[in-house]
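J.:
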Amino acid sequence: MPAKDPEIDRALDAMSAPELRAAVRAVLEEFDEDVRASVVDALIARATKATSGWRPTRPSQRIVEGAKTFAEAARHVGHADPDDVTEHLRRATKAFLAGDHASARAVFEAILPPIATVDIDLGQHELVDKPKLATPSMVALIQGARPGVALTDADRDAAIDAMRIAAEKRVDGILGNSRRQHYGHAALLVASCIAFAPKSRAAEILRWATDLRQQYWRRHAFREELARACESLGVLMSA
């Protein structure tokens, strides 16, 4: 990884807010599609934490219908294009940031459980053990981000275990076959485990993610994608 240019901080400070916005827009146009999507996700996530109180526009209810239709079709044929899965997860994350928790939960519930139980295959066959995730575990997991919702420990554990297995399967298959174009999707699944882990297991899941990253320490591109995914979901992993 190239060393940080010592002039970058001074260059950023030298620009006015409008100039900096123009620079960001111009730089985004230079990125390839996958990198641009990751950077845009990170920018939107950061903007929701700004003092202005800004939130992205709430998505159409069609994202839920689309996710359910996609998942049902993928389950019927037994597989799905990883890029399509990534796009549905990105829409759910944006809905969550917009405050539309119901739509976010519905999309996550439609997409993640069948991947975890291998009803929908993403192109890897290395995993033998498949956790069973019963409805409404994924819904309850996403509801954990909202106060006042009572959840059982068993429900939380079932959900996060299924998510973790899905992430491990995806990382192993993609990195094992050097499918660089799908690193972002694998990284997003790992980051999602950290973001939605129950508090009682947050340290455990963070250690798991850190160990997984270390296992592939030679894959700098994956490590970069993982850092972007964590940033987009507002979670931290030590360097």
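Just so you know, we're using this note's numbering here: the sequence shown kicks off at 109 and counts up by one. Each residue gets a CB set at the ideal place from its N, CA and C atoms; glycine is no exception.
1) Between the Cα of residue 277 and those of 328, 222, 305, spot the shortest distance and give me the residue it belongs to.
2) Can you grab the Cα-Cα spacing for the pair residue 317 / residue 173, in whole Å?
3) Whole angstroms is fine: what's the gap from residue 194's alpha carbon to residue 182's?
4) Identify, in the order they occur along the chain, each residue of the same chain with its Cβ nearer than 7 Å to the Cβ of residue 300, setting aside the five sequence neighbours on each side.
5) What separation, rounded to the nearest whole angstrom, lies between the Cα atoms of residue 189 and residue 294?
6) Let me check understanding here. Comparing Cα to Cα, which of 292, 119, 155 lies closest to residue 275?
7) On the premise that residue 200 lies in contact with residue 212, defined as a C-beta separation below 8 Å, what is that separation, rounded to the nearest angstrom?
8) Could you check the C-alpha separation between residue 205 and residue 333 for me, to the nearest Å?
9) Please report the distance separating the alpha-carbon of residue 323 from that of residue 314.
10) Skipping 5 residues on each side, what residues in its chain have a beta carbon closer than 7 Å to that of residue 290?
T.: The short version:
1) Considering only alpha carbons, the answer is 222.
2) 31 Å
3) 14 Å
4) 271, 341
5) 13 Å
6) For residue 275, the nearest C-alpha among the options comes from 292.
7) 5 Å
8) 20 Å
9) 14 Å
10) 190, 282
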